[in-house]
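Here the protein sequences come in this chain order: D and E.
The UniProt record's numbering applies: residue 1 is where the first sequence begins, and numbers increase by one.
The UniProt record's numbering applies: residue 1 is where the second sequence begins, and numbers increase by one.
Yeah, the Cβ is synthetic: ideal placement off N, Cα and C, and Gly gets one too.
Small disclaimer: the values here were computed from a predicted structure and weren't measured.
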Amino acid sequence: MPYILDNRSTFYTLTLLNAGPSQCRMPKTAMSQVEKKAGLLRRTSSSKKPLKEKVVLMYDEIFAKDDPAKNNSRFWDELFLMKVNLEYLEAKLESLDGDEVMKIKDNINSLFHHCVQALAEEHQIKVVNALQTLCALFRGVHQKNKSASGFDIINMLMGFDKAELRMKDLMESLDSLLCGEGSESLKALCLKLLLCLVTVTDNISQNTILEYVMINSIFEAILQILSDVSTRGQHGYDAVVLLALLVNYRKYESVNPYIVKLSIVDDEPTLDGMGLVVGQALTEYNRQYKDKEEENHGGFFSTLTSMVGSMFIADADEKLSVQTNEAILLALYEAVHLNRNFITVLAQSHPEIDIPTTPITPVLTTPTTPLGTTPPSMDMMNSSELPLDPNLQSSNLLITFLKYSSIVMQDTKDEHRLNSARLCLIILTCITEDQYADAFLHDDNMNFRVNLHRMPMRHRKKAAEKNVPSRPLVCAVLDLMVEFIVTHMMKDFPMDLYMRCVQVIHKLICYQKKCRIRLHYTWRELWSALINLLKFLLSNETVLLAKHNIFHLALLVVNLFNMFITYGDTFLPTSNSYDELYYEIVRMHQIFDNLYCMVLRVSTNTGQWKEPASKVTHSLVNVRAIINHFNPKIESYAAVNHISQLSEDQVLEVVRSNYDTLTLKLQDGLDQFERYSEQPKEAAFFKELVRSISLNVRKNVSLNTLSQDLLLKEFSTIS
Amino acid sequence: MGDTELGLSAAQPEELEPQSSSTASSSLSISSSPSRSLPSSPSSGHYHHQQTPSPSPTHSDGPATSSPPLDVISEGVGELTLVIDPEVAKMACQEVLQKVKFLKGKSEGSGSGSDGGNSTDHTLVNGTVYTEPIKPPKIPGEEDSEALPPGSVKSARRRQRHNPSKQSWLLRLFESKLFDVSMAISYLHNSKEPGVQAYIGNRLFSFRHEEVDFYLPQLLNMYIHMDEDVGDAIKPYVVHRCRQSISFSLQCAWLLGAYSSDMHISTQRHSRGTKLRKLIFSDELKPAAVRARQPLTLTPFCPLPTVAQSLHGHGLGGEHGLSPTKRTHQRSKSDATVSISLSSNLKRTASNPKVESNQDEPVRLAPQREFIKSLMGIGKRLATLPTKEQKTSRLISELSLLNHKLPARVWLPTAAFDHHVVRVPHTQAVVLNSKDKAPYLIYVEVLECEDFETSNVPLRISETRIRSTRSVENLPDCGITADQRAGGFSTVHNYDEDNEAWSVDDIGDLQVELAEFHTNSCDNISQFSVDSITSLDSKEPIFIAAGDIRRRLSEQLAHTPTTFKRDPEDPSAVALKEPWQEKVQRIREGSPYGHIPTWRLLSVIVKCGDDLRQELLASQVLQQLQIIWEQERVPIWIKPYKILVISSDSGMIEPIVNAVSIHQVKKQSQMPLLDYFLQEHGTHTTEAFLTAQRNFVQSCAGYCLICYLLQVKDRHNGNILLDAEGHIIHIDFGFILSSSPRNLGFETSAFKLTSEFVDVMGGLDGDMFNYYKMLMLQGLIAARKHMDKVIQIVEIMQQGSQLPCFHGSSTIRTLKERFHMSLTEEQLQVLVEQMVDGSMRSITTKLYDGFQYLTNGIM
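If you want it as structure tokens, here you go:
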């Protein structure tokens, strides 16, 4: 407490010194400060209604028709010395209807103008107050707008003729505040204001003020925040979210300079910084999830039988749902999708903690630091070291992202989680389409243990997979896909997720085939997962056909098998694995037979599915050839040797000795895939996603986060 | 250096004038000799500046004085005069005589005229015999020892020892063509004659740098551990070279540190070696161009007592351009500023080219030192981690951090060419097998350059630039087209095929990208490849046999140059097995610098916590033997590898490319060595196998001899490598000469010769086995002929050394004995037979008797 009191008194003197004519009012403002700080509820202080705050009186003057500066020439100077009363201002603006607002338009324009002017003030208190006032203005006016009273927001805030100039000034001030040496809280407030401005409308593209943000870009300021270690730590998150939102402004309709700029950033520290921010946010989510999981399972996990356990799991799952963070995921998507260089960041290995690159500030300003920046003194050396903890696995953004995806994909029932899972798969699609990403995914020298989260299921143990071997990252991606395939065969079939999932696998295999990479992966798990998927499609044909084109998915799955059959020689790790593929197909021949019957039936009927179904029939030619070739051979082998049940080795033996009489048909375009494109297919999804993110961000940039207390504490120490 | 000399000479004329007159008056030879350039000529770089330890005092009496005969010298002269061309000898003789006269005259001149102080310092040493111009070495504050007044006790004593006849013979030898570095080092070491030592010290300047560099460890060890005269003789040369080259400076400093480490801590602190090391690290030895601008370099002669004192600035008179205290201050300050300025001064060229050109010099040693230090730091930290896997992943992260500081003016000292390090492909690094230490292997991308000191450091190309070269759009289907596939797949596919695909002109690519953005479509236009569209047209179905696919799979797996399976406990096996060229290609593709024509890949093993001094010694012996065998045309193959000693417990080793240890071979292949040879090279009769077998035999013979001569112990399969051509290469010379591992008695044979080795050679009765023994004999005879050159390397290093290989007093004697100077060639043949027999027997019976017999019977 004494500390705060001290601060307050400093603030007090400070205001006294600068307040000028209004100083007689200041003690009261300071008084209310004291009350608040002393822990009194706001309610109690506002209960002394008769004593209206000076600032509120001043607001009232603005909302009157006369020019408030007419009587008091220092009106605006004084206003920005007062602590802003956000609630009052916003509420006042909200309460006015269109006509009323038009009447006081000049005053509001004037207020906006002075706010912008105040941003350039040396006195930081004024800057803070101006920023907050602007927040209130934007929000208040837009809430008005929501009731569709049809007047133009820009005109009301700035006036049509002045708008361009005002916004230019505003953006320039914000830019210099963000890039300057000023206080961190001030920068935070600038970002909050921008977030506020960007999210005032539900649909970001309808926010016409953003047109000025497009013209007067603050992209460079955002990048600078991300490239600098200290600012990244404090504002990185807001900066990244802001960027993600700005990129989505009228994305499909016009040239968005943020898209263009983001796509050509090639400055490593900046991209690294962005990667770190995203990585930290995802890590934080993963950690929270883990904590919750342990909390839930800690007490009774050991004692439960599997039956009882399954009863509780439904409960536990609900508790486990940590709020997903689509905003940060969107930022990751935009970076991966738009910026070719960002891919390298994904593989940038870093320990879990943010490493300060160099301890000396002057060096930080130059992005490229020379070798030997650390003087030989030991302390310095230590600070640039990685933390020396053997248990600390060095990680990278991709691993964090995969873990995050594994959590999010577990449960897609909830709308947010479904969106997150979809976005995760879209990001993975983009990654696997990228040549460089594929290169490091398959890099034999970059082995990692990736502990993916697995959905607790009745028929498998959960804690069994502690000892994940260290493997190339692509194995983790494949594991994740396999995991998804096996866990989402449900009535409410997430068809598009399945499509994406199978496409990701296909892209990886295409790369392996192209580059002749023989990945040591247990392909068998994938094959059986895919076969089970086909089985599920078959058994739920009627239900699924009502909603989805299951033939498309079936075609993709069968073509994956065709890839293995026709091109297995280029990417399978051992000759045995090719035999095993045949073994698996022959073993599960029933499913392929049934599928063939089904698609044949559908394709002979006329109807909307005729075409897609016939495609599947064609694609099954080789699988059927294999089944028809080997099945009789195996049966005769069993008959000759009088064995009722052949062992795996025996079947493999039959397979091996009968390859030469089997002819396969070469199918076209197995290794071709449609490249991902956001427009037009995904446009609707992203529009909705951005809308929900906007709502969420708006909620979070609440009055509370704009609260002045902390700021005041800080500025009271600045003279 | 061109600049250097200009700067120097421009500053000098006034000073030189009195000198030229005084020398002219005192010695006629100078003006009469047309071969010498006059010192007053400003363009001349052909004189030694004041610091040259002129042999003037010692030679001052010329042939008139005598010295006690030195056995070694007379022997050498006796042998060699036979071969010397009389004309040359005569010429040389005259030169020497002239020189001696001249020197005498000079020293007299300086002795008599106290005002002509400068003259003593400017000594002409470069006669016409020298092929290379000699550049002026300058040591600030060291212009002393030779400047002793001629009347001092010391020089008087020296004078008495001169022997006219010996001296002239010796001089004839020294001036002869045959006099090489090896001899110079030998005389420097053996001669007790300060004059001779000083002369040789001067003579070092005339040898090619590479030649002297080979003996640098010897020179520095002598400098550290031998008496003052030797040190004084060597120092000017070392200092001169340090001035010329950063790399030489650092190497000297590291070696000085390493070879001083065996001294007692108290003496070490004040030893010459430590002082010189400090001097180098303080970066006082900048190229003269920089220093010439400062008046202090041209401080007129003043009588300084000793090198040591002047280094500390004690003996300097305060009235001179630089007072001693000032200098000490400056020096200590410069140490500090180096560390402080590191951060600000060493801006990479990429960020600010101007900064570099201005500020590079004050800290010219710093980047490289930091680089080495960070590599060592990584090694130290890795050692604390328990498992290989953790070490590996940690190594990768550490190196990726290191990458952020590259490119810089740093280089790998083990490389043979000038270059700048631009990137460490961190994912390629591997931790090597070791119990408690963590040696690791890194690959380093470098750009070759003219001169790493003056060439600009390459611009940083961000890692992200690879993106533009490697885009999917430009990746043709490297596999097989439908037709190819159908028509039967003939040969194993070349792995290089996709390489061309990667190296696409990235600029065109980028432009396309930009154009796309401006047309406002940020998404890649989805398109099927042209192939698939065209192939859709052909309606005829193409059939392929499943058997073919299966066969191709197994064939390709077999034909893939056997890659080793990844083993987390032995990560290096896979990395080392990959053929070097493929690795280079692969890394080049993945590097943002790969497109630059001067791009090279180097590799280095960083050893932290290991003493590499013995390794260096062994490597020198190997190099020497290799030269001898080449000279004597013995087709023995050995592979000395570069060793860089950084301190007594750290260093770097140049890895042998395309080689894996026999242990790894056996573990991975699970088959006898011969079968592995057959698998890798082909059946018994193929050219490839026979070549590999011959390589094996030739290398085996070489290493067996080396193991015997150097008594290399600890010969397990992990220390013997097998390269892709079939050569074996021994590594790890941790136990040589007098040292052996604790379990003494286990390795009793003269060298390691297992039955597996014999099998590869084609069995005991095969021609190749006889060839092997014949090579050993020839090799031993050749080595014996040049024994001195080998012994000398070892002997000098024994000085002041606590290394276990020198344990005991008989190291050199027994080494000499192993050359068997007294045996006839027939006897030697018997010896080789016996050694081979003994080695064979010791592995078959594991008994000690073979070697016992050998040692007792023969030696």
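Residues sharing a beta bridge with residue i, DSSP
i: residue 608 of chain E; result: E:650
i: residue 420 of chain E; result: E:447
i: residue 728 of chain E; result: E:722
i: residue 448 of chain D; result: D:471
Beta-carbon contacts of residue i that lie in its chain and below 6 Å, excluding the five residues immediately before and after
i: residue 229 of chain E; result: 194, 197
i: residue 223 of chain D; result: 270
i: residue 726 of chain E; result: 692, 695, 696
i: residue 76 of chain D; result: 114
i: residue 212 of chain D; result: 167
i: residue 657 of chain E; result: 580
Straight-line gap, residue i to residue j (C-alpha atoms, nearest Å)
i: residue 633 of chain D; j: residue 580 of chain D; result: 16 Å
i: residue 173 of chain E; j: residue 420 of chain E; result: 42 Å
i: residue 470 of chain E; j: residue 446 of chain E; result: Caution is warranted here: a pLDDT of 40 is assigned to residue 470 of chain E, below 50, making its placement in the model unreliable, and the coordinate value is therefore given only provisionally. Looking at the two C-alpha atoms, the distance is approximately 21 Å.
i: residue 169 of chain E; j: residue 176 of chain E; result: 11 Å
i: residue 680 of chain D; j: residue 674 of chain D; result: 14 Å
i: residue 609 of chain E; j: residue 650 of chain E; result: 5 Å
i: residue 477 of chain D; j: residue 689 of chain E; result: 43 Å
i: residue 238 of chain D; j: residue 286 of chain D; result: 19 Å
i: residue 439 of chain D; j: residue 583 of chain E; result: 15 Å
i: residue 170 of chain D; j: residue 105 of chain D; result: 19 Å
i: residue 657 of chain D; j: residue 626 of chain D; result: 13 Å
i: residue 284 of chain D; j: residue 601 of chain D; result: 51 Å
i: residue 179 of chain D; j: residue 190 of chain D; result: 11 Å
i: residue 331 of chain D; j: residue 546 of chain D; result: 35 Å
Neighbourhood of residue i by C-beta distance below 7 Å, restricted to the same chain and skipping five residues each side
i: residue 414 of chain E; result: 604, 642, 644, 652, 654
i: residue 417 of chain E; result: 448
i: residue 558 of chain D; result: 616, 619, 620, 623
i: residue 398 of chain D; result: 346, 347, 473
i: residue 664 of chain D; result: 565, 566, 622, 625
Exercise for the section: Could you list the residues in the region 570-584 of chain D with a C-beta less than 9 Å from some C-beta on chain E, going in chain order? Expected result: 570, 572, 573, 574, 575, 577, 578, 579, 582
Handout entry: Runs of alpha helix (DSSP H) wholly within the region 217-262 of chain E (minimum 4 residues, chain order)
Key = 228-244, 246-260
Handout entry: alpha helix (DSSP H) segments (min. 4 residues) lying fully within the region 97-162 of chain D
Key = 98-103, 105-119, 124-146, 153-157
Problem - Entirely enclosed alpha helix (DSSP H) segments - the region 469-547 of chain D, minimum 4 residues - result: 473-487, 495-515, 523-539, 541-545
Problem - Interfacial residues, the region 395-406 of chain E to chain D, with Cβ spacing under 9 Å - result: 396, 397, 398, 400, 401, 402, 404, 405, 406
Exercise for the section: Name, going along the chain, the residues of the region 410-438 of chain E whose beta-carbon falls closer than 7 Å to a beta-carbon of chain D. Expected result: 410, 427, 428
Practice task
Please go through the region 244-295 of chain D and give each complete alpha helix (DSSP H) segment of 4 or more residues, from N-terminal end onward.
Solution key: 257-264
Exercise for the section: Identify every run of the alpha helix (DSSP H) within the region 756-789 of chain E, keeping only runs that are complete inside it and at least 4 residues long; order them along the chain. Expected result: 767-785
Handout entry: Length at least 3, wholly inside the region 363-429 of chain E: the beta strand (DSSP E) runs in chain order
Key = 419-423
Exercise for the section: Could you run through the region 210-238 of chain E and flag, in chain order, every residue whose CB is less than 9 Å away from some CB of chain D? Expected result: none
Practice task
Taking only beta carbons into account, state which residues of the region 264-286 of chain D come closer than 8 Å to chain E, listed in chain order.
Solution key: 264, 266, 267, 268, 271
Problem - Contact list for the region 437-451 of chain D against chain E, Cβ threshold 9 Å - result: 438, 439, 440, 443, 444, 445, 446, 447, 448, 449
Practice task
Give, in chain order, every residue of the region 540-560 of chain E whose Cβ lies closer than 7 Å to some Cβ of chain D.
Solution key: 541, 542, 543, 544, 545, 546, 547, 549, 550, 552, 553, 554, 556, 557
Handout entry: Residues of the region 204-233 of chain D whose Cβ lies closer than 9 Å to any Cβ of chain E, in chain order
Key = none
Exercise for the section: Would you list, in sequence order, the uninterrupted alpha helix (DSSP H) runs of no fewer than 4 residues that lie entirely inside the region 602-627 of chain D? Expected result: 610-619
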